[in-house]
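> Below is the structure I would like to discuss, written out as structure tokens.
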Amino acid sequence: MQNLKNYHTFGIDAQAKNIIALHSLNTLLEELPKTEKPFLCLGQGSNVLFCKDFLGTVFVNQIKGISIVEETQDTVWVKAQSGEIWHDFVMHCVEKGWAGMENLALIPGTVGAAPVQNIGAYGVELKDSLAQVEAINLDTLQIELFDNSLCAFAYRDSFFKQNSGKYFIVSVTFTLQKTQKAQHYYYRALQSYLHEQNIINPSIQEVANAVIAIRQSKLPDPKKIGNAGSFFKNPIVSKMHYKQLQKTYPNMPCFEVEQAEYIKVPAAFLIETLGYKGKTIDGRYGVHAQQALVLVNYKNATGAEIYALSQEIIQAVKKAFQIDLEREINVL
Ligand code: EPU
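Right, dumping it as structure tokens:
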């Protein structure tokens, strides 16, 4: 057995039968036919909670490479191999003057993991600039190509999340604009940060810097404190339900969604209202003090303990607000 502690960001002491680093697609194609099930493909392991040992093989994706597929005067199509570190790739694009991904700076994880949960932050989602995903069907070992619509993206959801374990994402191609001028800086926290800095028409570098500063002020660095970012999804409720709740909680924030009769409520507000923000158990694990949506492992927590805390929060939220919180992370 091999310890998974250094292969995921929650820092849980779980074991796997075998861990294999993948530096090329060929290694995966050679290994797969001789690997017994179950197996699991991890990038940086920034969205998983191990509640028990994994009695199989874990492939760790370290397949690297960035190339330009096509370019015109205004637009560039850039392909990144799935083992590229997401933040490094975003900063590479910002330095090249390719706009579109700057709001997604500092999100932990790899390029290949990004489409699975359609990562999003500060008013932008991955789906906004994704052109194509190249993935291996793990049953047939054939390459399949998915354009944006085939990926079935939704809030923290995709075809790949719905078909978890059936595909290995090899590369992702993005459509980016060749401009220094940022387009998306209207998310409240981002706008007020830029305002405080007296930045009126931000460049993509300034937006990336602002996003990095905001994230660093609120979200724990997984290298220092074990966590997997937002543990829960922000729930989408009917506007009628929201209006009802507003009678008791007039300050409850909300965000519009595409369907006019629904509204998204910050799970962090619900969790904080119930007094969980900053709560720690034995000084070992708990709810982060700056962001109630993030569960943290300070030291030696087990996955089962963190899972039990999340279950308690789900039940408390259901009782107080009649809202079903869903976990955003993968529980294994
Ligand atoms: N809020 C609280 N208490 C808190 C934190 C936030 O009440 O402890 C309220 C604030 O009033 C604020 C609202 O919640 O109005 C939204 O807060 P924030 O901007 O921090 O975003 P979030 O909804 O908590 C989502 C994403 C994050 C992403 C941020 C910024 C999900 C599940 N999470 O969090 O994504 O960085 O927006 O866009 O959608 C992740 O997925 O791992 C992640 C960190």
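In case it helps, numbering that gives the first Met the number 0 puts the sequence shown at residues 0 to 331. Cβ atoms here follow ideal geometry from the backbone N, Cα and C, with glycine treated the same way.
Quick one: does the C-beta of S229 sit closer than 6 Å to a heavy atom of ligand 1?
yes
> Within this structure, are the beta carbons of V57 and A15 separated by less than 7 Å?
yes
> Based on Cα-Cα distance, which residue from Q161, E133, A209 and V47 lies nearest to L294?
Looking at Q161, E133, A209 and V47, the one whose alpha-carbon comes closest to that of L294 is V47.
> Which whole runs of the beta strand (DSSP E) in the region 159 to 233 are 3 residues long or more, in chain order?
Counting only runs that start and end inside the region 159 to 233, the beta strand (DSSP E) elements of at least 3 residues fall at 166 to 177.
> Give the DSSP-derived three-state secondary structure of K36 in the structure shown.
If DSSP states are grouped into helix, strand and coil, K36 belongs with coil.
> Cβ of A212 within 6 Å of any heavy atom in ligand 1?
no
> Quick one, which of N2, F159 and F9 has its alpha-carbon nearest I19's?
Per the Cα distances, N2.
> With a cut-off of 8 Å, do at least 3 Cβ pairs link the region 84 to 94 to the region 135 to 154?
no
> May I ask whether a heavy atom of ligand 1 can be found less than 6 Å away from the beta carbon of K232?
The answer is yes for K232.
> F320 lies in the alpha helix (DSSP H); which residues open and close that run?
Per DSSP, F320 belongs to the alpha helix (DSSP H) from G302 to F320.
> With N296 as the anchor, note down where its beta strand (DSSP E) starts and where it stops.
L294 to N296
> Report back the beta-carbon spacing between A181 and V206 to the nearest angstrom; my notes put them in contact at under 8 Å.
4 Å
> Between which two residues does the alpha helix (DSSP H) carrying I270 extend?
Its alpha helix (DSSP H) spans residues A266 to T272.
> Exposed or buried, what is D281 when buried is set at 16 or more other beta-carbons lying within 10 Å of its beta-carbon?
Exposed, by the Cβ-count rule.
> Starting from the Cα of A134, find the closest Cα among Q80, N5 and F254 and give me that residue.
Q80
> What does DSSP give as the partner residues of V68 in its beta bridges?
Paired residue(s): none; V68 is not in a bridge.
> Could you tell me the boundaries of the alpha helix (DSSP H) in which D87 lies?
W85 to K95
> Does the distance between the C-beta of L292 and the nearest non-hydrogen atom of ligand 1 fall short of 6 Å?
yes
> Within 10 angstroms of its Cβ, does A98 collect 16 or more other Cβ (buried), or is it exposed?
buried
> Taking the DSSP output, what are the residues bridged to Y261?
S237
> Any heavy atom of ligand 1 closer than 6 Å to the Cβ of Y241?
no
> Identify, in the order they occur along the chain, each residue of the same chain with its Cβ nearer than 8 Å to the Cβ of K51, setting aside the five sequence neighbours on each side.
If we look at K51 and ignore the five residues flanking it on each side, its Cβ neighbours are A13, G302, A303 and L331.
> Between the Cα of T109 and the Cα atoms of L175, N296 and V171, which residue gives the shortest distance?
Of the candidates L175, N296 and V171, the one whose C-alpha sits nearest the C-alpha of T109 is V171.
> Beta carbon of V115, beta carbon of K160: below 7 Å?
yes
> Compare the C-alpha of R283 against each of N197, H7, N5 and I11 and name the closest.
I11
> Hey, out of I213, F167 and R214, whose CA is closest to N60's CA?
F167
> How would you call Q335, buried or exposed, if buried means at least 16 neighbouring beta carbons within 10 angstroms?
As shown, the chain starts at 0 and ends at 331. That puts residue 335 outside it, with no answer to give.
> Taking just the CA atoms, how far does F49 sit from Y6?
11 Å
> Thinking G225 and N329 are a contact (beta carbons under 8 Å), I'd like their distance in whole angstroms, please.
About 15 Å separates the two Cβ atoms, so there is no contact after all.
> Are there 16 or more other CB atoms within 10 angstroms of the CB of N102, so buried, or fewer, so exposed?
N102 should be labelled buried.
> Are there any heavy atoms of ligand 1 lying less than 6 Å away from the beta-carbon of Y121, as far as the coordinates show?
For ligand 1, at least one heavy atom lies less than 6 Å from the Cβ of Y121.
> Compare the C-alpha of K276 against each of Q215, L269, A266 and A288 and name the closest.
A288
> Hey, quick one: how far does the alpha helix (DSSP H) through E101 stretch, first residue to last?
Counting along the chain, E101 falls outside any alpha helix (DSSP H), and DSSP gives it neither H nor E.
> Please indicate yes or no: does the CB of P265 lie closer than 6 Å to some heavy atom of ligand 1?
yes
> Going by DSSP, what residue range makes up the beta strand (DSSP E) through E133?
L129 to N136
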